[in-house]
Structures are given as structure tokens and as C-alpha cells.
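In the order they appear, the protein sequences are chains A and B. Going by this note's numbering, the letters in the first sequence line up with residues 1 to 232, in that order. Going by this note's numbering, the letters in the second sequence line up with residues 1 to 102, in that order. All C-beta atoms in this analysis are idealised placements derived from N, C-alpha and C, irrespective of residue type, glycine included. In this text the structure is predicted, and so the values were computed from the model without any measurement. See below for the structure under consideration.
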Amino acid sequence: MTAPHSPRPSYLRDGIVLGAAVGLFGVTFGVLAVAAGLTTLQACAMSVLVFTGASQFALVGVVGSGGSVAAALASSLLLASRNGIYGLALHPHLKGTVARRLLGAQFIIDESTAMALGQREHRHAEPAFWVAGLSVFVFWNLGTLAGAVGGNALGDPNQWGLDAAFPAGFIVLMRPHIARRSGQIAALAGALIALVSIPLLPAGAPIVMGALGAAAALVVVGDEPVSAEEPS
Amino acid sequence: MSWWPIVALAVGAYAFKAIGLLAFDARPPSPRALRALRLLPPALLGALIVVQTVADGEALTVDARLAGVGVAALVAVTWRRAPFLVVLVVAAAVTAAVRAVG
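In C-alpha cells, the structure reads:
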């Protein structure tokens, strides 16, 4: 979509800011991981190799509180399953060789997906994905190391309201998608499905279920012609 | 903790990411699926926003986040060109303030 006065792409700055904010939660993760009995090497390896925060917190949290590893692993994998849906949504944007995309796959997380999908112009989606993904990766891993080695000098990032900064940021990234009626219905349906699912389903599942909002919108709106204006 | 759960989670998490991204290489989506896919971003973002605002594990909770995200949403809606960073800071500041008071 080319708006009359299309704003300069801000994904570079936005991606770095987002990464830095996530990095503070990385410190928290490092602290919790070591407290739960992981070595520093294990905590850092997890942030490099798993690299999806909610799943990491889930595994370490359950293990730390004496829960069974198998149960913890199941809930962590369920949380990670939403990244598969993100992969589907990112498919039109991540181009190149299979090797390049297999590398990119590791960086598919909430923040990089939202940044890519939130770009008003299609050509900005891929660079926005890489900037946000790499930025979060670097900060998340530095944060994990700092927390595991040095403990938490910063306190709880939630005391600064940082946990609310992410959904607020995602509202901004949703704006280009709700210009059309079909997008509004999909957003509303996804939000409602997730809301109803939260108390009914295990953590992680509500976002996967929310994807059905796209199908619901298709049913309601019918076969609305696809125009070139579509932001994605 | 032993290494196996870490390795298992790493393999599983990566598998979800890669399979999702490459699924349509093997089998291109039908026109109808393609139309649904175009509506996937707003549906996913809507779900993500709700979960990060009112979920606490498997419980629905109303806490300071709702105030912060609510005010940020108002800013984002009324000031249509509000920069990303401004909306982030507004949400964090309101949430922190409500937490400090409550």
C-alpha cells in the first residue's frame, strides 16, 4: 500500500528498541534459569537454540518448582507451536534460498513476526523481520548471559510496565491490517477466540486458536475481492 | 537439570518454525486458503494482543496491563501517525504508574 505521504520506514529503530526491551526479560530468564538449577552454559544454550521466550520460561519455571520435566516439556512445546502459524503467515515475505529461509526460521518469534506483518509496504516486511529477529536474538542472549552470571541488578522489568509495552506495540503494527472490513473482522474474531480460549485451553493454544479468526472473517465477509492495496 | 529437555525443546521449537515457513513450498495454498492467509496477520495480532494483556498463565486477569494497553490503544487510534516508540512508552508508563499506586 502506498499512502499519499507514506512514512519513512522506521523498522530499523523500532526493531532495535523492541530487541532492547526483550533483552531485559532475557536478564530475568537468566536469573530464573540458574535459580532453577541450570548451569550458565545450559541457560545460554537454551536462549540460542530454543529462542522463544515463553517456552523457555515455561520449561524453567516448572522444573524450578519441582514439576515433572515431561509435563514441562509438553507445555513448552505447546507454547512454541504458535511459531508454526507465524511461519505460515510469514511465507509470502521470507524469500530466497531454502538455506536462507531455514536460517530465518530460527528467528520466527512474536516480535519479528509482528514487525514484518506490521509494515505498510510489502517490500519492507522482510528487512523488518530480519532486523527485529536479529535484534531480539542479540539482546535476548546478552540478557540471558548477564542474568545467569551477574544476577538481577535491574529488578523486575514488569515494575516498569514493560510487559504492557509489547501488546501496545502490536496494536501499532496491526493498524495497516484494519483499514479494511475483512481485516477488522479477522482482528476482532482472533481477539475474541483468544479471550474465550485463555481460561479453557493450556497457555499457548489461545494464539493458535486465534488464527481461526482469519477463517471466520472469510465466512462473514465472503469472497471480498483481493485488491492490490492489501498491506501484506 | 539434564540436557535432554533443552535439546528436545530446541528441536521441537525449531521444527514448528521451519515447518510453518516451508509448508507451502511442498503444497501451494489453494486460492481460498490464500484469501484466509491474507487475513491471518490481523487475526494473529488480535489474539496476541489479548493474550499479552489479560492472560496470566491459564487465567484471565484484569491488572495494570489493561490500563496501559487501553491508554496506548486510544493514543494509537486518535493519533493515527503515532510513532511505535511513543505508544510503547505510553503503555509502559501508564502500567508502571498503576502498579506503583495499586
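If you draw a straight line from the Cα of residue 48/B to the Cα of residue 89/A, it is about 14 Å long.
As the crow flies, the alpha-carbon of residue 24/A is around 44 Å from that of residue 222/A. In the structure shown, residue 60/B adopts extended strand secondary structure according to DSSP, grouped into three states. Interface annotation for the segment 168-182 of chain A against chain B: 168, 169, 170, 171, 172, 173, 174, 175, 177, 178 and 182, criterion Cβ-Cβ distance under 8 Å. Neighbours of residue 26/B in chain A, taken as residues at a C-beta separation under 9 Å, are lacking, since the least C-beta distance is about 12 Å. With fewer than 16 other Cβ atoms from the protein chains shown falling within 10 Å of its own Cβ, residue 199/A counts as exposed. Non-local beta-carbon contacts of residue 15/A in its own chain, meaning distances under 7 Å to residues more than five positions away in sequence, involve 115, 128, 131, 132 and 135 in chain order. At least one CB of chain B lies nearer than 7 Å to the CB of residue 160/A. When Cβ-Cβ separations below 7 Å define contact, residue 134/A makes no contact with chain B. Around the beta carbon of residue 106/A, a 10 Å sphere encloses 16 or more other beta carbons of the protein chains shown; the residue is thus reported as buried. Against chain B, a Cβ distance below 8 Å from residue 128/A picks out nothing, because the smallest value is about 11 Å.
For residue 150/A, the enclosing alpha helix (DSSP H) has its first and last residue at 122-150. Secondary structure of residue 36/B (DSSP, three-state): helix.
With contacts defined by Cβ atoms closer than 7 Å, residue 80/A and residue 55/A form a contacting pair. When the five nearest sequence neighbours on each side are left out, the beta carbons in the same chain lying within less than 7 Å of the beta carbon of residue 217/A are those of 182, 185, 186 and 189, in order along the chain.
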